[in-house]
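Novice:
Numbering (full-length UniProt numbering), first residue to last: 1 to 265.
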(Lines of atoms letter the chains of each structure in order from A; the text may use other names.)
(Lines give C-alpha, C1' and ligand atoms only; values in the text may rest on other atoms or scores of the structure.)
Protein backbone atom coordinates (compact mmCIF):
# COMPACT_ATOMS: atom_id res chain seq x y z
CA UNK A 1 0.00 0.00 0.00
CA UNK A 2 1.48 3.35 -1.01
CA UNK A 3 0.79 6.84 0.28
CA UNK A 4 1.27 10.15 -1.47
CA UNK A 5 3.38 12.57 0.54
CA UNK A 6 1.62 15.94 0.74
CA UNK A 7 3.63 19.10 1.34
CA UNK A 8 0.79 20.92 3.10
CA UNK A 9 0.32 18.93 6.31
CA UNK A 10 -2.99 20.67 7.04
CA UNK A 11 -4.58 18.71 4.19
CA UNK A 12 -3.80 15.43 5.91
CA UNK A 13 -5.99 16.25 8.93
CA UNK A 14 -4.04 13.93 11.23
CA UNK A 15 -5.28 15.65 14.40
CA UNK A 16 -8.93 15.43 13.36
CA UNK A 17 -8.60 11.76 12.42
CA UNK A 18 -6.92 10.96 15.74
CA UNK A 19 -9.78 12.52 17.69
CA UNK A 20 -12.44 10.68 15.67
CA UNK A 21 -10.68 7.31 15.80
CA UNK A 22 -10.04 7.61 19.54
CA UNK A 23 -13.75 8.16 20.12
CA UNK A 24 -14.61 5.18 17.94
CA UNK A 25 -11.98 3.01 19.64
CA UNK A 26 -13.36 3.74 23.11
CA UNK A 27 -16.87 2.87 21.93
CA UNK A 28 -15.60 -0.31 20.33
CA UNK A 29 -13.77 -1.31 23.51
CA UNK A 30 -17.08 -1.09 25.36
CA UNK A 31 -18.86 -3.20 22.74
CA UNK A 32 -16.18 -5.91 22.63
CA UNK A 33 -15.99 -6.02 26.43
CA UNK A 34 -19.76 -6.44 26.71
CA UNK A 35 -19.62 -9.19 24.10
CA UNK A 36 -16.84 -10.91 26.03
CA UNK A 37 -18.93 -10.81 29.22
CA UNK A 38 -22.01 -12.10 27.40
CA UNK A 39 -20.16 -15.04 25.83
CA UNK A 40 -18.63 -15.99 29.19
CA UNK A 41 -21.96 -15.90 31.06
CA UNK A 42 -24.13 -19.03 30.56
CA UNK A 43 -27.25 -16.93 31.06
CA UNK A 44 -26.35 -14.30 28.46
CA UNK A 45 -24.47 -16.21 25.76
CA UNK A 46 -26.33 -16.92 22.49
CA UNK A 47 -28.60 -19.91 22.92
CA UNK A 48 -27.46 -21.47 19.65
CA UNK A 49 -24.03 -22.17 21.16
CA UNK A 50 -25.58 -24.60 23.64
CA UNK A 51 -28.16 -26.11 21.27
CA UNK A 52 -27.57 -29.88 21.07
CA UNK A 53 -28.82 -30.04 17.48
CA UNK A 54 -26.08 -27.62 16.41
CA UNK A 55 -23.29 -29.23 18.39
CA UNK A 56 -21.83 -31.18 15.45
CA UNK A 57 -21.96 -28.19 13.12
CA UNK A 58 -20.35 -25.85 15.67
CA UNK A 59 -17.54 -28.32 16.39
CA UNK A 60 -16.85 -28.63 12.67
CA UNK A 61 -16.91 -24.83 12.20
CA UNK A 62 -14.47 -24.18 15.03
CA UNK A 63 -12.14 -26.94 13.86
CA UNK A 64 -12.04 -25.75 10.21
CA UNK A 65 -12.34 -22.00 10.88
CA UNK A 66 -12.26 -19.78 8.82
CA UNK A 67 -13.24 -22.26 6.09
CA UNK A 68 -17.01 -22.71 5.92
CA UNK A 69 -17.75 -25.00 2.97
CA UNK A 70 -21.51 -25.53 2.76
CA UNK A 71 -21.59 -27.43 -0.54
CA UNK A 72 -19.08 -30.12 0.35
CA UNK A 73 -20.45 -30.70 3.84
CA UNK A 74 -24.19 -30.26 3.42
CA UNK A 75 -24.96 -33.06 5.89
CA UNK A 76 -23.03 -31.32 8.68
CA UNK A 77 -24.83 -28.02 8.10
CA UNK A 78 -28.32 -29.49 7.69
CA UNK A 79 -29.21 -28.54 11.28
CA UNK A 80 -28.30 -24.90 10.53
CA UNK A 81 -30.56 -24.91 7.47
CA UNK A 82 -33.61 -25.50 9.65
CA UNK A 83 -33.05 -22.36 11.74
CA UNK A 84 -30.94 -20.19 9.44
CA UNK A 85 -33.21 -17.14 9.55
CA UNK A 86 -33.32 -17.13 13.36
CA UNK A 87 -29.55 -17.58 13.62
CA UNK A 88 -28.95 -14.55 11.40
CA UNK A 89 -31.43 -12.48 13.40
CA UNK A 90 -29.97 -13.36 16.80
CA UNK A 91 -26.27 -13.29 15.90
CA UNK A 92 -26.24 -10.26 13.60
CA UNK A 93 -25.34 -7.89 16.48
CA UNK A 94 -22.32 -10.00 17.38
CA UNK A 95 -21.24 -10.47 13.80
CA UNK A 96 -21.42 -6.84 12.74
CA UNK A 97 -19.62 -5.74 15.89
CA UNK A 98 -16.66 -7.75 14.60
CA UNK A 99 -17.13 -6.21 11.15
CA UNK A 100 -17.02 -2.73 12.70
CA UNK A 101 -13.85 -3.71 14.54
CA UNK A 102 -12.28 -4.84 11.27
CA UNK A 103 -13.09 -1.50 9.62
CA UNK A 104 -11.76 0.43 12.62
CA UNK A 105 -8.56 -1.61 12.60
CA UNK A 106 -8.01 -0.81 8.92
CA UNK A 107 -8.62 2.91 9.50
CA UNK A 108 -6.20 3.07 12.44
CA UNK A 109 -3.39 1.22 10.68
CA UNK A 110 -3.91 3.34 7.56
CA UNK A 111 -3.57 6.51 9.64
CA UNK A 112 -0.44 5.26 11.41
CA UNK A 113 1.17 4.28 8.12
CA UNK A 114 0.23 7.59 6.49
CA UNK A 115 1.76 9.54 9.40
CA UNK A 116 4.97 7.55 9.13
CA UNK A 117 5.11 7.83 5.33
CA UNK A 118 4.72 11.61 5.56
CA UNK A 119 7.62 11.73 8.02
CA UNK A 120 5.51 12.93 10.93
CA UNK A 121 7.69 13.20 14.03
CA UNK A 122 5.89 13.64 17.34
CA UNK A 123 7.27 15.37 20.43
CA UNK A 124 5.32 15.63 23.67
CA UNK A 125 7.15 18.87 24.56
CA UNK A 126 6.27 20.61 21.32
CA UNK A 127 2.85 19.29 20.26
CA UNK A 128 1.19 17.93 23.38
CA UNK A 129 -2.34 17.36 22.06
CA UNK A 130 -1.28 15.62 18.85
CA UNK A 131 1.21 13.36 20.60
CA UNK A 132 -1.14 12.38 23.44
CA UNK A 133 -3.94 11.66 20.94
CA UNK A 134 -1.58 9.45 18.93
CA UNK A 135 -0.32 7.52 21.96
CA UNK A 136 -3.86 7.11 23.32
CA UNK A 137 -4.99 5.69 19.99
CA UNK A 138 -2.01 3.33 19.97
CA UNK A 139 -2.95 2.05 23.44
CA UNK A 140 -6.63 1.76 22.52
CA UNK A 141 -5.77 -0.18 19.36
CA UNK A 142 -3.54 -2.65 21.23
CA UNK A 143 -6.18 -3.06 23.94
CA UNK A 144 -8.84 -3.78 21.32
CA UNK A 145 -6.89 -6.48 19.54
CA UNK A 146 -5.82 -8.17 22.78
CA UNK A 147 -9.40 -8.07 24.06
CA UNK A 148 -10.55 -9.59 20.77
CA UNK A 149 -8.37 -12.63 21.39
CA UNK A 150 -10.03 -13.07 24.81
CA UNK A 151 -13.61 -13.30 23.50
CA UNK A 152 -14.81 -16.86 23.94
CA UNK A 153 -16.75 -18.60 21.17
CA UNK A 154 -15.76 -15.92 18.61
CA UNK A 155 -15.09 -18.57 15.99
CA UNK A 156 -18.35 -20.35 16.71
CA UNK A 157 -20.40 -17.14 16.51
CA UNK A 158 -18.81 -15.89 13.30
CA UNK A 159 -18.75 -19.28 11.61
CA UNK A 160 -22.36 -20.05 12.55
CA UNK A 161 -23.57 -16.71 11.21
CA UNK A 162 -21.52 -17.09 8.02
CA UNK A 163 -22.90 -20.59 7.42
CA UNK A 164 -26.51 -19.46 7.94
CA UNK A 165 -25.95 -16.45 5.67
CA UNK A 166 -24.43 -18.68 2.97
CA UNK A 167 -27.39 -21.07 3.09
CA UNK A 168 -29.98 -18.29 3.05
CA UNK A 169 -28.36 -16.10 0.38
CA UNK A 170 -26.46 -18.81 -1.54
CA UNK A 171 -23.25 -16.83 -1.14
CA UNK A 172 -20.71 -16.01 1.53
CA UNK A 173 -21.12 -12.80 3.52
CA UNK A 174 -18.75 -10.25 1.86
CA UNK A 175 -16.80 -9.35 5.00
CA UNK A 176 -16.31 -12.90 6.26
CA UNK A 177 -13.05 -13.85 4.44
CA UNK A 178 -11.14 -10.87 5.85
CA UNK A 179 -12.93 -11.12 9.18
CA UNK A 180 -12.04 -14.77 9.56
CA UNK A 181 -8.41 -14.05 8.69
CA UNK A 182 -8.27 -11.31 11.34
CA UNK A 183 -9.54 -13.76 13.98
CA UNK A 184 -6.89 -16.31 13.00
CA UNK A 185 -4.10 -13.72 12.86
CA UNK A 186 -4.85 -12.46 16.35
CA UNK A 187 -4.78 -15.85 18.02
CA UNK A 188 -1.38 -14.57 19.21
CA UNK A 189 -2.11 -10.84 19.46
CA UNK A 190 1.30 -9.61 20.64
CA UNK A 191 3.09 -11.21 17.72
CA UNK A 192 0.59 -9.83 15.20
CA UNK A 193 0.64 -6.35 16.78
CA UNK A 194 4.41 -6.23 16.35
CA UNK A 195 3.99 -7.05 12.67
CA UNK A 196 1.21 -4.49 12.10
CA UNK A 197 2.89 -1.64 13.95
CA UNK A 198 6.34 -2.36 12.53
CA UNK A 199 5.46 -0.30 9.47
CA UNK A 200 4.98 2.77 11.69
CA UNK A 201 7.99 2.33 13.97
CA UNK A 202 9.48 5.77 13.22
CA UNK A 203 6.47 7.82 14.28
CA UNK A 204 5.87 5.54 17.28
CA UNK A 205 9.49 5.68 18.44
CA UNK A 206 9.64 9.48 18.09
CA UNK A 207 6.55 9.88 20.30
CA UNK A 208 7.85 7.48 22.96
CA UNK A 209 11.38 8.89 22.97
CA UNK A 210 10.01 12.38 23.63
CA UNK A 211 8.63 11.10 26.96
CA UNK A 212 12.10 10.28 28.29
CA UNK A 213 13.00 13.50 30.12
CA UNK A 214 9.48 14.17 31.41
CA UNK A 215 9.06 10.59 32.63
CA UNK A 216 12.34 10.51 34.51
CA UNK A 217 11.61 13.85 36.20
CA UNK A 218 8.22 12.61 37.32
CA UNK A 219 9.25 9.10 38.31
CA UNK A 220 11.57 9.99 41.19
CA UNK A 221 11.45 8.40 44.62
CA UNK A 222 9.85 9.95 47.71
CA UNK A 223 13.29 10.14 49.33
CA UNK A 224 14.60 12.26 46.46
CA UNK A 225 11.55 14.52 46.73
CA UNK A 226 12.17 15.03 50.44
CA UNK A 227 15.87 15.73 49.97
CA UNK A 228 15.12 18.40 47.36
CA UNK A 229 12.19 19.84 49.38
CA UNK A 230 9.96 19.54 46.34
CA UNK A 231 6.77 19.02 48.35
CA UNK A 232 7.67 20.93 51.51
CA UNK A 233 5.60 23.96 52.49
CA UNK A 234 8.08 25.12 55.14
CA UNK A 235 11.35 24.86 53.23
CA UNK A 236 10.97 28.44 51.89
CA UNK A 237 8.37 30.13 54.13
CA UNK A 238 9.13 33.58 52.73
CA UNK A 239 7.91 32.51 49.29
CA UNK A 240 4.54 31.20 50.48
CA UNK A 241 2.84 34.58 50.00
CA UNK A 242 4.03 35.00 46.43
CA UNK A 243 2.25 33.60 43.39
CA UNK A 244 4.21 30.80 41.80
CA UNK A 245 5.77 31.56 38.46
CA UNK A 246 6.93 28.66 36.39
CA UNK A 247 7.90 27.81 32.85
CA UNK A 248 6.69 24.23 33.28
CA UNK A 249 5.03 23.04 30.11
CA UNK A 250 1.68 21.28 30.04
CA UNK A 251 3.13 17.78 29.67
CA UNK A 252 4.66 18.07 33.16
CA UNK A 253 1.15 17.74 34.59
CA UNK A 254 0.32 14.47 32.88
CA UNK A 255 -0.53 11.48 35.00
CA UNK A 256 2.35 9.09 35.59
CA UNK A 257 -0.10 6.21 35.14
CA UNK A 258 -0.91 7.51 31.67
CA UNK A 259 2.74 7.60 30.66
CA UNK A 260 3.27 4.13 32.13
CA UNK A 261 0.42 2.84 29.96
CA UNK A 262 1.92 4.41 26.83
CA UNK A 263 5.37 2.96 27.51
CA UNK A 264 4.19 -0.54 28.51
CA UNK A 265 1.99 -0.78 25.44
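By construction, the Cβ of each residue, glycine as well, lies at the ideal position given by its N, Cα and C atoms.
(1) Whole angstroms is fine: what's the gap from residue 276's alpha carbon to residue 128's?
(2) Should residue 154 be labelled buried (16 or more other beta-carbon atoms within 10 Å of its own) or exposed?
(3) Does the distance from the C-beta atom of residue 80 to that of residue 57 stay below 7 Å?
(4) Note the first and the last residue of the continuous alpha helix (DSSP H) segment covering residue 139.
(5) How long is the line joining the alpha carbons of residue 270 and residue 32, rounded to whole angstroms?
(6) Enumerate, from N- to C-terminal direction, the unbroken beta strand (DSSP E) stretches of 3 or more residues contained entirely within the segment 144-229.
(7) Near residue 139, which residues of its chain fall below 7 Å by C-beta distance, leaving aside the five closest residues on each side in sequence?
(8) Would you decide whether residue 280 is buried or exposed? Buried here means 16 or more other CB atoms lie within 10 Å of its CB.
(9) Which of the three DSSP states, helix, strand or coil, is assigned to residue 265?
(10) Terminal residues of the continuous alpha helix (DSSP H) containing residue 30?
(11) Give the DSSP-derived three-state secondary structure of residue 115 in the structure shown.
(12) How many Å lie between residue 135 and residue 214 at the Cα?
(13) Could you compute how far the alpha carbon of residue 42 sits from the alpha carbon of residue 35?
(14) Where does residue 103 fall in DSSP's three states?
(15) Tell me which residue opens and which closes the alpha helix (DSSP H) that residue 63 is part of.
(16) What number of angstroms, rounded off, separates the C-alpha of residue 189 from the C-alpha of residue 109?
(17) Which word fits residue 177, buried or exposed, when buried means at least 16 other C-beta atoms lie within 10 angstroms of its C-beta?
(18) Less than 7 Å between the C-beta atoms of residue 172 and residue 84, yes or no?
(19) Just confirm the distance between the C-beta atoms of residue 144 and residue 101, as a whole number of angstroms; I'd bet it's less than 8 Å.
Specialist: The relevant details are as follows:
(1) Residue 276 lies beyond the residue range present for the chain, which begins at 1 and ends at 265; the question has no answer from this structure.
(2) Working through the chain shown from its first residue, we reach residue 154 at position 154. When all chains shown are included, residue 154 counts as buried.
(3) Position 80 of the chain shown, counted from the first residue, corresponds to residue 80. Position 57 of the chain shown, counted from the first residue, corresponds to residue 57. Contact flag set, yes.
(4) The residue labelled residue 139 in the question sits at position 139 within the chain shown. It spans 128-148 - the alpha helix (DSSP H) in which residue 139 sits, taken as one unbroken run.
(5) Absent from the model: residue 270. The displayed extent of the chain is 1 to 265, so no value can be given.
(6) none
(7) Along the chain shown, one-based indexing puts residue 139 at 139. 261, 262, 265, listed in sequence order.
(8) Here the chain has residues from 1 to 265 only, and residue 280 is not among them.
(9) For this step, residue 265 is matched to residue 265 along the chain shown. Residue 265 falls in the coil class under three-state DSSP.
(10) The residue you call residue 30 lines up with position 30 of the chain shown. It spans 14-40 - the alpha helix (DSSP H) in which residue 30 sits, taken as one unbroken run.
(11) Counting from one through the chain shown, the residue named residue 115 turns up at place 115. Three-state DSSP puts residue 115 in a helix.
(12) For the purposes of this step, residue 135 is identified with residue 135 of the chain shown, where counting begins at 1. For the purposes of this step, residue 214 is identified with residue 214 of the chain shown, where counting begins at 1. Between residue 135 and residue 214, the C-alpha separation is close to 15 Å.
(13) Here residue 42 is taken as the residue at index 42 of the chain shown, counted from 1. Here residue 35 is taken as the residue at index 35 of the chain shown, counted from 1. Approximately 13 Å, taken between the alpha carbons.
(14) On the chain shown, position 103 is the one that residue 103 refers to. It is helical.
(15) The count along the chain shown starts at 1 and reaches residue 63 at position 63. Counting along the chain, the alpha helix (DSSP H) containing residue 63 begins and ends at 55-64.
(16) Locating residue 189 in the chain shown gives position 189, counting from the first residue. Locating residue 109 in the chain shown gives position 109, counting from the first residue. Rounded to the nearest angstrom, the two C-alpha atoms are 15 Å apart.
(17) Here residue 177 refers to the residue found at position 177 of the chain shown. Exposed, by the Cβ-count rule.
(18) Taking the chain shown and counting its residues from 1, the one referred to as residue 172 is at position 172. Taking the chain shown and counting its residues from 1, the one referred to as residue 84 is at position 84. No, they are not a contact pair.
(19) Residue mapping note: residue 144 aligns to position 144 of the chain shown, counting from 1. Residue mapping note: residue 101 aligns to position 101 of the chain shown, counting from 1. Yes, residue 144 and residue 101 are in contact; Cβ-Cβ is about 7 Å, under 8 Å.
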